[in-house]
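Since the structure comes first, as structure tokens, the remarks are kept for the end.
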Amino acid sequence: AITLDDACFATMTTSDNTAANIILSAVGGPKGVTDFLRQIGDKETRLDRIEPDLNEGKLGDLRDTTTPKAIASTLNKFLFGSALSEMNQKKLESWMVNNQVTGNLLRSVLPAGWNIADRSGAGGFGARSITAVVWSEHQAPIIVSIYLAQTQASMAERNDAIVKIGHSIFDVYTSQ
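Numbering (the UniProt record's numbering), first residue to last: 1 to 176.
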């Protein structure tokens, strides 16, 4: 049997949907996740379904949604706040640093000497997203969250848009 730790690793590093559903089952399902998010102050993010249905992304459907601002704030609470223990903060950061499916997104334009911990998503109706924390030895961490939705763009075009937005963000941030 797979441990929850192994399921979390697989989910966070390879986007393994089966592992994600194992985790969901262990934490009370989508309602358990949403309830936890409310407890830590995230009033927008909600999970209503399991994989793969949660990726549908229909216009006007509020199920399984968040906003870039809400998820960035939640990631900040997870990594730098008190929502997780220090041990679990380090574990989450490690899983995100070792993400194996985001190399063609922000990682592809990350300035030399910078670090990134990220998680991406994709779904129906043009949905594509990434949320990341980036930092260097000389710059404090920033959280970047980019969401695209309801576009006719191909996945390659959506990825390219995220790369261009990320490049602009890094240009501004590194010039400060």
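Idealized CB from N, CA, C, for every residue including glycine.
{"Asked": "Closest residue to G126 among T14, I143 and Q150 (Cα-Cα distance)", "Found": "Q150"}
{"Asked": "Local conformation of V163 per DSSP, three classes", "Found": "helix"}
{"Asked": "Cutoff 6 Å; reference A19; Cβ partners in own chain excluding five residues on either side", "Found": "A7, A10 and T11"}
{"Asked": "Alpha-carbon to alpha-carbon, D53 and residue 183", "Found": "The requested residue 183 is not part of the displayed model; the chain covers only 1 to 176."}
{"Asked": "I2, buried or exposed, once every other Cβ within 10 Å from all chains shown has been counted against 16", "Found": "exposed"}
{"Asked": "Test: G81 CB closer than 8 Å to a CB of chain C", "Found": "Although the question refers to chain C, the structure presented lacks it and comprises just one protein chain."}
{"Asked": "S175, enclosing alpha helix (DSSP H) - first and last residue", "Found": "First-last for S175: undefined, no H or E at that position."}
{"Asked": "Reduced DSSP category for A83 - H, G, I as helix; E, B as strand; rest coil", "Found": "coil"}
{"Asked": "Residue burial classification, A41 (beta-carbon count within 10 angstroms, cutoff 16)", "Found": "Looking at the sequence itself, residue 41 is Gly, so the reference to Ala does not match. Classification of G41: exposed, given that the 10 Å Cβ count is below 16."}
{"Asked": "Nearest-angstrom Cβ-Cβ length linking G123 and E56, presumed shorter than 8 Å", "Found": "6 Å"}
{"Asked": "The stretch 127 to 139 contacting the stretch 61 to 76, beta-carbon criterion three pairs below 8 Å", "Found": "yes"}
{"Asked": "Endpoints, beta strand (DSSP E) assigned at G121", "Found": "N115 to A122"}
{"Asked": "Buried or exposed (CB count within 10 angstroms, at least 16 for buried), M87", "Found": "exposed"}
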